[in-house]
Structure formats: structure tokens, C-alpha cells
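The structure under discussion appears below in the form of C-alpha cells.
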Amino acid sequence: MMKFILGKKIGMSRVFQGKKAIPVTLVLAGPCQVAQVKKSDKDGYQAVQLSWGERKKITKPIAGHLKKAKLKSTRYLREFHVDSESSYEPGQEITVAIFKPGDQARVTAVSKGKGFTGVVKRHGFAGSPKTHGHRHDERAPGSIGAGFPEHVFKGVKMAGRSGHTQISIKNLTVVEVDPEKNLLVLRGSLPGPRNTFIEIQAADTASSEDDKVKDKS
């Protein structure tokens with residue numbers, strides 16, 4: 069059975085291993101319900117769709133979709149590819165107990181939004197000299213192109229909205245698991261502010277199709 073679950077970031081803390089303090093992030097994960105099982109002969113690929121959370125009002129299409137799995141409400145629906153769908157069935161509950169300390173996990177979440185920022189903060193530009201008669205434009209981007217062809221090429225690093233981007237961090241170690249409280253303790257930091265919705269997969273089951281992946285190994 070492949071390991072994946074949905075949850076939200078609670079906040080950071082620390083645990084002690086001997087005399088060493090380990091920074092950790094607490095995650096409220098699950099319990100999730102299987103909303104749909106996709107099969108290769110019918111859907112063209114094998115995947116499991118998880119449901120987590122509750123919402124007071126849901127649309128009729130979502131209500132009809134959940135009715136097949138005998139679910140009443142959901143806040144989040146996410147799909148995970150699996151090697152075999154035979155271990156899953158609609159309505160099945162998945163808890164944090166599928167993980168164990170020492171597992172390597174990959175977390176996907178939306179990073180903190182920082183609003184409109186300049187090139188120094190957004191792209192790490194060094195800025196201009198601070199002294200020796202330089203003008204008062206220490207944080208300006210400088211040249212954005214040559215005189216010809218008289219337009220700015222696509223992809224030039226400039227000021228703009230920073231953050232609020234989906235980011236995946238892989239190889240995060242599971243430090244502790246508390247099935248009674250649905251808590252998962254991961255080593256290190258996770259993207260986004262508190263209460264951010266996150267997806268957690270075991271590192272050996274995660275696909276490598278994400279655009280932005282940071283390695284914490």
C-alpha cells in the first residue's frame with residue numbers, strides 16, 4: 069500500500085534527541101477518505117482520489133461525485149497515482165498510521181505570499197554600489213535589455229509579485245507519528261503559513277513531475 073495523506077500545517081516546534089535539539093513541523097494529517105479509485109481499463113491510468121475536511125455548502129456536481137463513495141462533504145480533493153488500485157475502495161479511511169518514524173516524505177504546499185517586491189528580494193540581486201558617487205538607485209534592476217531589438221525578452225527577472233507558489237520539498241524525515249491525535253511530526257520547515265493545506269507522500273512513491281522541488285537531504 070502506497071503512503072500518502074492530506075492535512076494542514078500547525079506550526080513549528082522542536083524535539084530533543086539526546087542533547088541535540090531538532091527543529092520540527094507539526095502537521096494535522098487525516099483521517100482521509102477515498103473518494104474515487106481510478107482504473108487503467110476505465111480511466112486510462114491508476115490513481116486514488118482522497119477527500120479531507122468538511123465544507124458547509126458544496127456544489128451539486130461534487131455532492132453527486134461524493135455520493136458514490138457514501139461521503140457527505142469535503143473541503144479538499146486530491147489525486148495520487150498508484151502502482152495498483154486493488155488495495156483501495158471508495159469510502160476507505162486512510163490515517164496517519166500508515167507512516168512510521170524514519171520514513172522519508174515529500175510535502176507539497178503553497179508558499180507564503182509576499183506581495184509586490186523588488187528584484188533584490190524577489191531574485192536575490194546584489195544591488196548597486198552604496199558609495200563612490202553612485203546615484204540613489206541601490207535596489208534598481210539595472211539594464212533590462214539592449215538597444216536592439218528594442219523590446220524586453222520574455223523571462224527577464226524584474227519586480228513583481230513574490231511567493232504564493234506551489235512548492236515541493238522532498239526527503240523530509242518523519243520524526244514522530246501520533247495516530248490518536250492525527251499528528252505527523254516532520255523534521256525541518258514546510259512551505260506556507262500556519263493552517264496551510266499540504267499534501268504528504270512517501271518519498272519512494274512520489275512522482276518527479278513537479279515544477280519546483282527542493283531537496284532537504
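First residue of the sequence shown? That's 69 in the working numbering, and the numbers climb one at a time after it. Yeah, the Cβ is synthetic: ideal placement off N, Cα and C, and Gly gets one too. Keep in mind that this is a model prediction, so the values were computed, not measured.
Query, Result
"Which residue comes first and which comes last in the alpha helix (DSSP H) that contains His191?", "187-191"
"Residues in the same chain with beta-carbon distance under 6 Å from Ala137, minus the five sequence neighbours each way, listed in chain order, please.", "Ala103, Pro158, Gly159"
"From Lys198, Gly256, Asp246, Leu240, pick the residue whose C-alpha is nearest to that of Pro99; which is it?", "Asp246"
"With DSSP as the reference, label Asp111 as helix, strand or coil.", "helix"
"With DSSP run on the structure shown, which of helix, strand or coil describes Gly256?", "coil"
"Which of helix, strand or coil does DSSP assign to Ala165?", "helix"
"Between the Cα of Asp171 and those of Arg262, Leu258, Glu244, Tyr113, spot the shortest distance and give me the residue it belongs to.", "Glu244"
"Determine the contact status of Val92 and Val105, defining contact as a CB-CB distance below 8 Å.", "no"
"So what's Leu291 in DSSP terms, helix, strand or just coil?", "Residue 291 falls outside the range modelled here, since the chain spans only 69 to 285, and no answer is possible."
"Taking just the CA atoms, how far does Leu252 sit from Thr238?", "The amino acid at residue 238 is misidentified as Thr; the sequence shows Lys. The straight-line gap from Cα to Cα measures roughly 16 Å."
"Cβ of Met226 less than 8 Å from any chain D Cβ?", "No chain D is part of this structure, which consists of one protein chain only."
"Could you check how far apart the C-beta atoms of Val188 and Lys225 are, in whole angstroms? I think they sit under 8 Å.", "Actually they are not in contact, since the Cβ atoms of Val188 and Lys225 sit about 11 Å apart, beyond 8 Å."
"I need the straight-line Cα distance from Lys124 to Glu147, nearest angstrom please.", "22 Å"
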